[in-house]
Every structure is written in structure tokens, then in C-alpha cells.
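Residue numbers (this note's numbering): 11 to 108. Backbone N, C-alpha and C fix where the C-beta goes; we use that ideal spot for every residue, glycine too. Encoded as C-alpha cells, the structure appears first; notes follow it.
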């Protein structure tokens with residue numbers, strides 16, 4: 011478990027460094043920077059969710075049943091659905107102002 015935590019921390023830090031270097035090197039505009047940050051956030055969020063699922067499995071006194079098991083795909087779908095909904099609301103507000 012501790013190893014998974016360190017891997018998660020290293021992945022988050024590494025993705026931050028790569029993103030910063032890429033933004034500086036490519037001189038991206040603001041939209042591309044925000045898009046890159048959002049993608050990084052979703053990726054690190056999924057890694058953290060995977061770690062949370064593993065932690066829940068390890069500390070749970072009774073194993074999850076096959077039907078009741080937490081699945082990363084369900085979490086991913088909820089995260090992406092939330093991001094999509096927020097983007098749609100943002101676009102709608104932008105159009106309402108114009």
C-alpha cells in the first residue's frame with residue numbers, strides 16, 4: 011500500500027513537471043494550458059481513485075461481493091460526466107451573456 015502511495019505521488023509530481031516543461035517549450039496559449047491542466051487533473055484524480063479503491067479493499071473486514079465491487083470505470087464515468095456537465099454549463103452561461 012505504501013508503495014502505491016509513493017507511485018501515486020511520483021506520477022502526480024512527474025506529470026506536473028512534464029506539463030510545465032511542455033507549456034514553457036511550446037508556448038501554449040491560455041486555452042491549451044487550461045485544457046492540459048484539466049487533463050492532468052483527471053489523470054491524477056483517476057490514479058488517486060485507484061489508490062482509494064485499493065485502500066478500501068485492504069481495510070474492509072469483509073470482501074466486496076462481485077456485484078458490489080467498486081470499479082474504477084464507474085468513478086471515471088462520474089468524473090468525466092461531471093467535467094462534461096460543467097463545461098456545458100460554462101458554455102451555456104457564455105452564450106447567455108452574449
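Nearest residue (CA-CA) to residue i, options the options
i: residue 13; options: 45, 46, 65; result: 65
i: residue 18; options: 45, 54, 86, 74; result: 54
i: residue 93; options: 45, 11, 22, 25; result: 45
i: residue 91; options: 102, 22, 52; result: 52
Proximity below 8 angstroms, CB of residue i to CB of residue j
i: residue 85; j: residue 48; result: no
i: residue 15; j: residue 68; result: no
i: residue 97; j: residue 56; result: no
i: residue 63; j: residue 80; result: yes
Chain B contact for residue i (CB, 8 angstroms cutoff)
i: residue 107; result: Going by chain labels, chain B is absent from the structure shown, which holds only one protein chain.
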